[in-house]
Each structure stands twice: as C-alpha cells, then as structure tokens.
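One structure is given below, encoded as structure tokens.
Written out as structure tokens, the structure reads:
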C-alpha cells in the first residue's frame, strides 16, 4: 500500500497471512469502485456485492460478501484450504474476522445486511485493518443518530 493508512500486521489482527493479503486486495477493489451493490443478490453483474451472500454465481455474474471475495482471492493464490466460499465464511475463517463478516445490527430495527453498500464495506475494512474492529455502526453512518442530542 502506498498511502498512509494504518494497517496492522496479520499477527496483530489474529488472521492468517493469506487472509491479510486477500483483505488488502479486495479493500483496494472496493476503493476503486470495482464491486457494485447487488442488495437482492440478483447476480446480474460480474462483480456484485451483498453482505447477504457468501457467494452466488450465474452465467451473468458473481455476487459475494466481503468474505466471499476474500475466499476468491485466496483460492486463486492457493492460500486457503476451504473448498468453498460458504465453508470459509461460515466455518473456516480466522475467528477475528467474524465481526467483519457478520455485522451486529441486532439493536437497529431498520438495518439489514443487504443495506450494506460497498462504500460502507470499505470503511469497515479500513477500520478492521487499522484497529481489529470493523465498527459497522460508524461505517454505515449509524453512529450519527447516537451522537445527536436528545
């Protein structure tokens, strides 16, 4: 990375080297606008993004969540032993990635995984890489309501 963003080491984040490389790679794809929001996982785009889908593929495209796109990068680089994105995301990831892959929106009635945009995912990834906490509330702009005076 050539910018001044803080990025913790794989050991500090408690993830594998392969996960670290994959996360940094897809982070840059998010930053460059490669992933297009596919909230209903219609899979009609080559590079769709939905936090509701570990992976969905058709002849028209592929839609994945953050972990699904990481698995694609690691599968290509042969740095994962997971046979599928679904297995990786749900069972075989480093446990430290759980909060990044599964945002906790339980305390927010009107927020669903499908509402997470690529821009929010980028902010959560940057926060995770810098601190180990994706801070989904801030990434999705939900902290603003908490900061308003009553």
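Numbering (our numbering), first residue to last: 187 to 336. Ideal placement from N, C-alpha and C gives every residue a C-beta, glycine not left out.
Of the listed residues the options, nearest to residue i (C-alpha basis)
i: residue 224; options: 265, 294 and 252; result: 252
i: residue 266; options: 197, 326, 207 and 285; result: 207
i: residue 305; options: 200, 201, 211 and 219; result: 219
i: residue 154; options: 245, 210 and 200; result: Because the chain is modelled from 187 through 336, residue 154 falls outside the range shown and cannot be assessed.
i: residue 215; options: 273, 312 and 197; result: 312
i: residue 240; options: 264, 288 and 297; result: 288
i: residue 198; options: 275, 283 and 221; result: 283
i: residue 273; options: 263, 256 and 308; result: 256
i: residue 296; options: 327, 260, 280 and 204; result: 327
i: residue 217; options: 324, 308 and 325; result: 308
i: residue 245; options: 228, 278 and 258; result: 228
First and last residue of the uninterrupted alpha helix (DSSP H) at residue i
i: residue 211; result: 203-217
i: residue 324; result: 322-325
i: residue 311; result: 304-317
i: residue 197; result: 196-199
i: residue 148; result: The structure shown does not extend to residue 148, since the chain spans only 187 to 336, so no value can be given for it.
Close Cβ partners of residue i (< 7 angstroms) along its chain, the five nearest in sequence each way excluded
i: residue 232; result: 247 and 248
i: residue 195; result: none
i: residue 294; result: 328
i: residue 325; result: 306, 309, 310 and 313
Chain B contact for residue i (CB, 8 angstroms cutoff)
i: residue 313; result: Looking at the structure shown, chain B is missing, and only one protein chain is on hand.
Residues near residue i by beta carbon distance below 6 angstroms, same chain, minus five either side
i: residue 237; result: 251, 299 and 302
i: residue 321; result: 313
i: residue 291; result: 297
i: residue 213; result: 311
Cβ shell of residue i (< 8 angstroms), same chain only, five flanking positions each side left out
i: residue 200; result: 280, 281, 282 and 318
Review point. Which full runs of the beta strand (DSSP E) of 3+ residues lie inside the stretch 213-252, going along the chain?
Key: 241-243 and 248-250
Review point. For the stretch 308-325 against the stretch 257-275, are there 3 or more C-beta pairs whose distance is under 8 angstroms?
Key: no
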